[in-house]
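With my numbering applied, the sequence shown corresponds to residues 1 to 287, in that order. The beta carbon of each residue, even a glycine, is placed where N, CA and C say it ideally should be. The structure appears below as structure tokens.
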Amino acid sequence: MALHQELRYGDAFDPFSVEYNRRKGHFSMSEDHMHKHYELYYLFGGERFYFIKDRVYRVRSGDLVFIPGNEVHKTSDTGVPNHERIVIYVNDSYFEPLQQDETELLLAPFHGPHRVVHLADQDKLRIEQLLYEMLREIQDEAPGYRMAVRHAAGQALLFAARQSAAYKQGVPEVSVSPAAARMNDIASYISEHYRESLTLSGLSELFYLSPSHLSRSFKKYTGFGLIEYIGITRIKEAQRLLRETDERIIRVSEDVGFENFSHFEKVFKSVTRMSARSYRAGFRRRE
């Protein structure tokens with residue numbers, strides 16, 4: 001029996017969860033992504049732009065993508081229709097029963113130099129057989145299927161970790177166009193200068209692009225609006241300061257580049273779905 005076009009297993013509170021989609025036509029993520037889970041992404045077919053932190057990657061069939069927790073990321077359309085992908089989300093609680101060296105092995109790819117690992121044909125066959133078997137277990141829900149899914153997810157993470165460890169340092173990544181590379185430069189600049197005053201007109205002048213062209217191209221290659229990305233970058237740093245310091249919230253907003261506190265509160269809530277005060281209080285309760 002053919003797989004459904006969409007399958008899900010688990011939720012955000014489970015040690016791991018799985019999300020599978022087979023999409024026809026053109027598609028870009030409508031929501032921003034920044035969460036505490038580790039994310040292992042595999043593209044069965046098609047082609048995507050994958051923006052992670054401050055860089056655009058062109059992801060093709062047979063690519064594994066590693067996204068650390070609390071890293072801004074988003075996929076968008078490259079102009080090539082139809083794609084099929086699976087994502088395994090992993091919580092810190094997944095690693096609690098493991099030995100330290102096992103945890104370090106599985107987490108190494110998320111902190112390593114390669115966000116994207118392209119698999120050789122024989123390795124594609126191996127991982128796809130494993131993943132499709134896991135998806136059939138999720139779809140059929142035969143007796144004991146949860147045990148089978150847990151086992152398969154562990155095998156997939158181990159396979160991905162070994163592939164990442166064996167990946168040659170000198171292997172060239174799939175190159176992006178000069179236009180996409182320019183957007184990488186702009187995103188990197190924002191990541192380094194988010195405390196400063198950043199505007200569309202100022203950035204367009206700095207990078208010798210018209211405001212309309214910069215705005216349109218940044219959205220095309222990263223999936224984010226320029227002002228939206230500046231806000232998310234600032235809020236990510238604000239979250240760190242709220243977790244790790246006792247600075248007053250209004251001072252935190254100034255430290256990360258907001259000139260207006262009410263604007264900071266509005267952007268913080270739009271990104272995190274809660275107020276800065278609630279975020280800090282919730283984090284302190286978990287300590």
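- Query: Can you tell which of ASP63, PHE224, ARG234, ARG136 has the C-alpha that lies nearest to the C-alpha of ARG8?
  - Reply: ARG136
- Message: Using only CA atoms, which one of THR199, VAL149, ARG243 lies nearest to GLY291?
- Response: Look at the range of the chain in this structure, 1 to 287, and you will see that residue 291 is not part of it.
- Query: Which stretch, first to last residue, makes up the alpha helix (DSSP H) that contains SER289?
  - Reply: A query on residue 289 cannot be resolved here, the shown segment of the chain reaching from 1 to 287 and no further.
- Task: Select from ALA2, ALA156, LYS269, LYS24 the residue whose C-alpha is nearest the C-alpha of LEU105.
- Result: ALA156
- Task: Please go through the same chain and pick out, in chain order, the residues whose beta-carbon is closer than 7 Å to the beta-carbon of GLY170, but skip the five residues on each side of it.
- Result: Here GLY170 scores only 46 on pLDDT, less than 50, and its place in the model is too uncertain to base an answer on.
- Message: Given a cut-off of 7 Å on the beta-carbon distance, is the pair TYR132 and PHE16 in contact?
- Response: no
- Quick one, are the C-beta atoms of ILE52 and HIS37 less than 7 Å apart? no
- Would ILE138 be called buried (16 or more neighbouring beta carbons within 10 Å of its own) or exposed? buried
- Task: Scan the segment 76-103 and note each continuous beta strand (DSSP E) run of 3 residues or more that stays entirely inside, going in chain order.
- Result: 83-90
- Query: DSSP state of SER17, grouped into three classes?
  - Reply: strand
- Reducing DSSP to helix, strand and coil, say where LEU209 ends up. coil
- Span separating the alpha-carbon of LEU203 from that of ILE190: 9 Å
- Beta-carbon proximity list for PHE27, same chain, < 8 Å, skipping 5 on both sides: ASP77, HIS83
- Going by other Cβ atoms of all chains shown within 10 Å of its Cβ, with 16 needed for buried, is GLU39 buried or exposed? buried
- Message: Checking the sheet assignment: what are the DSSP bridge partners for VAL252?
- Response: Paired residues: none, contrary to the question.
- Give every residue of the same chain whose Cβ lies closer than 6 Å to the Cβ of PHE110, excluding the five residues on either side of it in the sequence, and list them in chain order. TYR38, PHE66, PRO68
- Got a sec, what are the start and stop residues for the alpha helix (DSSP H) HIS118 sits in? From DSSP, HIS118 is part of no alpha helix (DSSP H) but of the beta strand (DSSP E) over 116-118.
- Please confirm whether GLN163 and VAL117 have their CB atoms less than 7 Å apart. yes
- Item | Nonlocal neighbours in the same chain, by C-beta distance under 6 Å from LEU64, ignoring five residues either side | TYR42, VAL117, ALA160
- Message: To the nearest angstrom, how far is the alpha carbon of HIS237 from that of ASP54?
- Response: The sequence given here has Glu at residue 237, not His. Taking the straight line from one Cα to the other gives about 14 Å.
- Item | Spatially closest choice to ILE232 from ARG195, TYR221, ASP14, ALA281, by CA coordinates | ARG195
- Message: Quick check on the DSSP output: the alpha helix (DSSP H) that includes TYR132 runs from which residue to which?
- Response: 121-140
- Message: Taking 7 Å as the threshold (C-beta atoms), are LEU130 and ALA152 in contact?
- Response: yes
- From the DSSP output, in three-state form, read off LEU64 for me. strand
- Integer-rounded CB distance, given that GLU265 should sit under 8 Å from ALA281: About 15 Å separates the two Cβ atoms, so there is no contact after all.
- Contacting residues, own chain, Cβ-Cβ under 7 Å from SER210 (five flanking each side not counted): SER204
- Task: Buried or exposed for MET134, please, with buried defined as at least 16 other CB atoms from any protein chain shown within 10 angstroms of its CB.
- Result: buried
- Message: Tell me the residue span of the alpha helix (DSSP H) that contains PHE264.
- Response: 261-272
- Just mark ALA180 as buried or exposed, buried being the case when its beta carbon has 16 or more other beta carbons within 10 Å. buried
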